[in-house]
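In what follows, a structure is listed as structure tokens, so that the remarks can point back to it.
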Amino acid sequence: MKRYEAVPQRYLTRRVPVVIRLDACHFHTWCRGLEKPFDDRLVECMASATHSLCTKISGCRFAYTQSDEISLLLTDYASIDTEPWFGYRLEKILSVAASICTAQFNHAVRHNFPVELYSKKEYATFDARAFNIPADDVCNYFLWRQRDCERNSLQGLAQSYFSHKALHKKNSSQLQDMLMEEKGVNWNDLPTHLKRGTAFYRTEVAVEASWSEGVTRKSVWVRDSEIPIFSKDRNYIENWVEPEPQLREPSENCKTYTSNDEKIFKPASDS
2 MKRYEAVPQR
12 YLTRRVPVVI
22 RLDACHFHTW
32 CRGLEKPFDD
42 RLVECMASAT
52 HSLCTKISGC
62 RFAYTQSDEI
72 SLLLTDYASI
82 DTEPWFGYRL
92 EKILSVAASI
102 CTAQFNHAVR
112 HNFPVELYSK
122 KEYATFDARA
132 FNIPADDVCN
142 YFLWRQRDCE
152 RNSLQGLAQS
162 YFSHKALHKK
172 NSSQLQDMLM
182 EEKGVNWNDL
192 PTHLKRGTAF
202 YRTEVAVEAS
212 WSEGVTRKSV
222 WVRDSEIPIF
232 SKDRNYIENW
242 VEPEPQLREP
252 SENCKTYTSN
262 DEKIFKPASD
272 S
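Residue numbers (the numbering used here): 2 to 272.
As structure tokens, then:
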């Protein structure tokens, strides 16, 4: 019986970056009844699922989420002893990643939406794909997904003001002109995360904790909702492909994930 199981097993290549992308299934139907064009509660559910994936997948360096999708960057070459997640066995990667995402998203739904709304919905489900990608193309991959985010964001905003017929065959520049000239709405005024997506990365911060005397350094995941345009700041992505990436200092707009008995240490001002 074990030999039957072993036949379809496939493995990703070691020492080469890996991308896992998760997408919600039949999400247009699931989103009926939500606020249009953007629902902050849905954004929080996707962020919660992304953070859960980051913390549970060994080797995860960076994550990006927009709309109903999540992309994760994994490496296994931080040191000679670094082991890949599940040995990079593809079937295991796909099934476990999709399970983590599905479970956490539905858990977050029950914390962010009223019971009268989510009780009428089926459980959301996610599929997953995973593949090797050359280190030189990692930034291009995330740039591709960010451009998709920008396109979806603009189209979603336009669809909330105009009919499908009015928008037919309109390009992005025309959509922006229509919104501004006819509705007085500027897409560029939207919050950054609704235009470009949200990123997660690991860094170190100084924390004060009940379990430690004084200040200690701790590795934490950070949620960045003010990300740059990747084509203008390629190092924002490329840094995480390196064996020893430079830790990024989180800005004031970032959310840093610490436990309830910890708080970020901020030195007293000299003034």
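Note that CB positions come from ideal geometry on N, CA and C, so glycine has one too.
Predicted, not measured: the structure shown is a model, and the values here were computed from it.
Query raised in the report: Hey, is Glu-209 close to the ligand MN, as in C-beta under 8 angstroms from one of its heavy atoms?
Result: By its list of ligands, the structure shown contains no ligand whatsoever, and the ligand MN lies outside what it can speak to.
Query - Contact set for Leu-91: own chain, Cβ-Cβ below 7 angstroms, skip 5 residues either direction - result: Cβ neighbours of Leu-91 beyond the five flanking positions: Arg-11, Tyr-12, Leu-13 and Ala-131.
Query raised in the report: Which whole-angstrom value is the C-beta distance of Gly-60 and Thr-76, which I expect to be below 8 angstroms?
Result: The pair is a contact, with the Cβ atoms about 6 angstroms apart (cut-off 8 angstroms).
Query raised in the report: Ser-1 by DSSP, collapsed to three states: which one?
Result: Residue 1 lies beyond the range of the chain shown here (2 to 272); nothing can be said about it.
Query raised in the report: Can you give the Cα-Cα distance for Lys-57 and Leu-74, rounded to whole angstroms?
Result: Put simply, the backbone Cα of Lys-57 is about 13 angstroms away from that of Leu-74.
Query raised in the report: What does a CB cutoff of less than 8 angstroms around Ser-226 pick up in its chain, not counting 5 residues either side in sequence?
Result: The residues are Pro-192, Thr-193, His-194, Thr-199, Asn-254, Cys-255 and Lys-256.
Query - Selected residue, minimal CA-CA separation from Asn-187, among Ser-96, Thr-103, Ala-159 and Trp-31 - result: The candidate whose alpha carbon is nearest that of Asn-187 is Ala-159.
**Report entry** Simplified DSSP state of Arg-4, which is helix, strand or coil
**Finding:** Arg-4 falls in the helix class under three-state DSSP.
**Report entry** Residue of Gln-177, Asp-24 and Arg-62 minimising C-alpha distance to Pro-244
**Finding:** Nearest of Gln-177, Asp-24 and Arg-62 to Pro-244, Cα basis: Arg-62.
Report task. Please list, in chain order, all residues of the same chain as Tyr-202 whose beta carbon is under 8 angstroms from its beta carbon, the five residues on each side excluded. Result -> Closer than 8 angstroms at Cβ, skipping near neighbours: Arg-62, Phe-63, Ala-64, Trp-222, Val-223, Asp-225, Trp-241 and Arg-249.
**Report entry** Expected contact under 8 angstroms - CB spacing of Val-17 and Asn-172 to nearest Å
**Finding:** Under the criterion of beta carbons closer than 8 angstroms, Val-17 and Asn-172 do not qualify as touching, at roughly 37 angstroms.
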